[in-house]
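Chains as they are written, first to last, in our numbering: chain A, 154 to 650; chain B, 10 to 133. The beta-carbon is built from N, C-alpha and C at its ideal position, and this holds for glycine as well. These numbers were taken from a predicted model, which means no experiment stands behind them.
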């Protein structure tokens, strides 16, 4: 009973017992499922008639099987069988003697399984391929394979999106088409791959039309079943967003460090300036006394005058240092940036013309006002214009551009002062806002103008930045918060050139 | 009789310079480096003008100025000039707050200082 249960539980394997002539004695549930007959229908019938194809019924195939079993004890057969409905199908079967309790053969046992057809195999293959492709297609990272020569054999959806060219044919193109440095880069990557078998987290720029996309890639060689290299596979991750974020972070950090540094320097300078004032006052006073004591000796008088000149210079420096360290004394009021530009040009415009400098104004119209200390903002403008002028001393083309505009999104007024001067190196740019840093000759500047400007803009909750190219020119960019809702609508100004 | 001036500054160089300048202008000058010394001597001697440095250890120029103004009676109001090496405060506000006559920032041109002192002492 238990045995029958077990045999009938094998619903996908047919188990059939016959006598030596092939008459069916037992026909399990698996056999019912495979051949379509009920157990009652099958019992007593010949196995050959029920389950063999018409051709095999007429041959002696069953007799041959029985012979083999007699000799060997068992056999494995692989041939087409027939369903009740007439359809034949490939099957694999094992046939053995069924031994009785005495140990003598009492019948023949056949265990039969259906072999999936080629069509089904193909279908399964397709399904598995589709599954793998779906995985690749759903991947956020771009995946690309090439043959050994570097021609693309597969590109997933993410790669196509990365390249961003609609309807662009990728398969068959050479991988170097997508490298910024073209074929050299492709060769470099391939030789690394051959050396190490894989590359991890290699960063480069991927070419997408005219754009360059920063990419981090991991690549491996692809092998066939015999261990031969058949191509490469690369996984590409778009680093644009991350790169931008880290750049912004870096920039913010830089600004913070700069701000802290400036404040520390400000405190230091304030202290130093005060310390100098005492001996300077004593020195001035002693010189005055000395001047009265030496009478008319021209040589000595000259020396005293020179000493006084020294003191005056020290005084100048200290005064500028005080300007630098004094940032609590601003008097803020609503003001027009363009007005400040005109005020400053009224002072230095003629001087610039005399030095052969052409001034181009690109002033935005109806700009919102800013909350600023007019004198201080003018001081910044004057500093930037003076620097531009000095930078263009050796230039054949001398063009000074002053630009103002509203950054609508950030609600900031931006002004730029650009020159066509000698420009700066990146080392110089890094130090440009540091007190006492100057690229000018000794007698031209103290190196405080820009650090003072920095402090002034900082006190206005603004930002000052510089862009420069060596021998091309420099642009200073100042951003100041616009007063909200002033809109400039009611303060229409006639801005001319 | 020449006018008497007391100068208090913890910086010896400034003190000597002012002493030289004021003596050359014909004033009688006494120099001290500490605020407490100034308060002590003011108990015993009379001066026409005090020149006080603001930042001094322990007793500052402001302290001396405040103490003097407390002791002053209306008739013999001594003139006070405060000198500072600091620049943050506004002179006029300090003058009003501490009751000094002038609040000057170092370094001050010696010629101008002489003129200011002369004008200040003429009115008394």
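Practice task
List the endpoints of the continuous alpha helix (DSSP H) containing residue 626/A.
Solution key: Not the alpha helix (DSSP H): residue 626/A falls in the beta strand (DSSP E), residues 626-634.
Exercise for the section: Output the residue ranges of the alpha helix (DSSP H) runs that lie fully inside the segment 583-613 of chain A and measure 4 residues or longer, sorted by chain position. Expected result: 602-612
Problem - Minimum Cβ-Cβ distance from residue 634/A to chain B less than 8 Å - result: False, the Cβ-Cβ gap to chain B never drops below 8 Å.
Practice task
State yes or no: is the C-beta of residue 635/A within less than 8 Å of the C-beta of residue 566/A?
Solution key: Yes, the pair counts as a contact, with Cβ atoms nearer than the cut-off.
Practice task
Compare the C-alpha of residue 248/A against each of 404/A, 325/A, 173/A and 396/A and name the closest.
Solution key: Cα-wise, what sits closest to residue 248/A is 173/A.
Exercise for the section: Consult DSSP for residue 347/A and reduce its assignment to one of helix, strand or coil. Expected result: helix
Exercise for the section: For residue 630/A, collect the residues of the same chain with a Cβ closer than 6 Å to its Cβ; drop the 5 residues on either side in sequence, then sort them by chain order. Expected result: The beta carbon of residue 630/A is closer than 6 Å to those of 569 and 618 in its chain, skipping five residues each way along the sequence.
Problem - Residue ranges of each beta strand (DSSP E) within the segment 237-283 of chain A, 3 or longer - result: Entirely contained in the segment 237-283 of chain A, the beta strand (DSSP E) runs reaching 3 residues are, in chain order, 241-252 and 258-267.
Exercise for the section: Flag this pair as yes or no: are the beta carbons of residue 49/B and residue 17/B separated by less than 8 Å? Expected result: no
Problem - Chain-ordered neighbours of residue 61/B on chain A, where CB pairs are closer than 8 Å - result: Chain A residues near residue 61/B: none, gap ~14 Å exceeds 8 Å.
Exercise for the section: Confirm, please, whether the CB-CB distance from residue 116/B to residue 536/A is below 8 Å. Expected result: no
Exercise for the section: Check residue 650/A in the structure and name its three-state DSSP category. Expected result: Any reading at residue 650/A is ruled out, since the residue's pLDDT is 36, under 50, leaving its predicted position unreliable.
Handout entry: Within-8 Å CB hit, residue 550/A to chain B
Key = no
Problem - beta strand (DSSP E) runs wholly inside the segment 451-488 of chain A, at least 3 long, in chain order - result: 486-488
Handout entry: Test item: CB-CB of residue 379/A and residue 360/A under 8 Å
Key = For the pair residue 379/A and residue 360/A, the CB atoms are not nearer than the 8 Å cut-off.
Handout entry: Cβ distance (whole Å) where residue 168/A is taken to contact residue 177/A below 8 Å
Key = No, residue 168/A and residue 177/A are not in contact; Cβ-Cβ is about 11 Å, not under 8 Å.
Exercise for the section: Out of 302/A, 236/A and 187/A, state which residue places its alpha-carbon closest to the alpha-carbon of residue 202/A. Expected result: 236/A
Problem - Contacts of residue 34/B in chain A (Cβ-Cβ under 8 Å) - result: Neighbours of residue 34/B on chain A: none; closest Cβ ~10 Å, over 8 Å.
Handout entry: Test: residue 119/B CB closer than 8 Å to a CB of chain A
Key = Closer than 8 Å to some Cβ of chain A, the Cβ of residue 119/B qualifies, so yes.
Problem - Collapsed DSSP secondary structure at residue 365/A in the structure displayed - result: strand
Exercise for the section: May I ask you to report which of helix, strand or coil DSSP gives residue 223/A? Expected result: If DSSP states are grouped into helix, strand and coil, residue 223/A belongs with the helices.
Practice task
Starting from residue 63/B, trace the alpha helix (DSSP H) both ways and give me its first and last residue.
Solution key: No alpha helix (DSSP H) contains residue 63/B, which DSSP labels as neither H nor E.
Exercise for the section: Can you have a look at residue 562/A and say buried or exposed, based on whether 16 or more other CB atoms are within 10 angstroms of its CB? Expected result: That one is exposed.
Handout entry: Rounded straight-line distance, which links the Cα of residue 296/A to that of residue 209/A
Key = 53 Å
Problem - Residues, ordered as in the chain, of the segment 431-445 of chain A that lie near chain B by beta-carbon distance below 7 Å - result: 431, 432, 433, 434, 435, 437, 438, 439, 441, 442 and 445
Exercise for the section: Answer yes or no: does any C-beta atom of chain B fall closer than 8 Å to that of residue 643/A? Expected result: Residue placement at residue 643/A is flagged as unreliable, the pLDDT there being 39, under the threshold of 50; the coordinate-derived value follows with that caveat. No, its Cβ sits nowhere closer than 8 Å to a Cβ of chain B.
Exercise for the section: Taking 8 Å as the threshold, find out whether the segment 416-433 of chain A comes into contact with the segment 454-474 of chain A through three or more Cβ pairs. Expected result: A contact exists between the segment 416-433 of chain A and the segment 454-474 of chain A.
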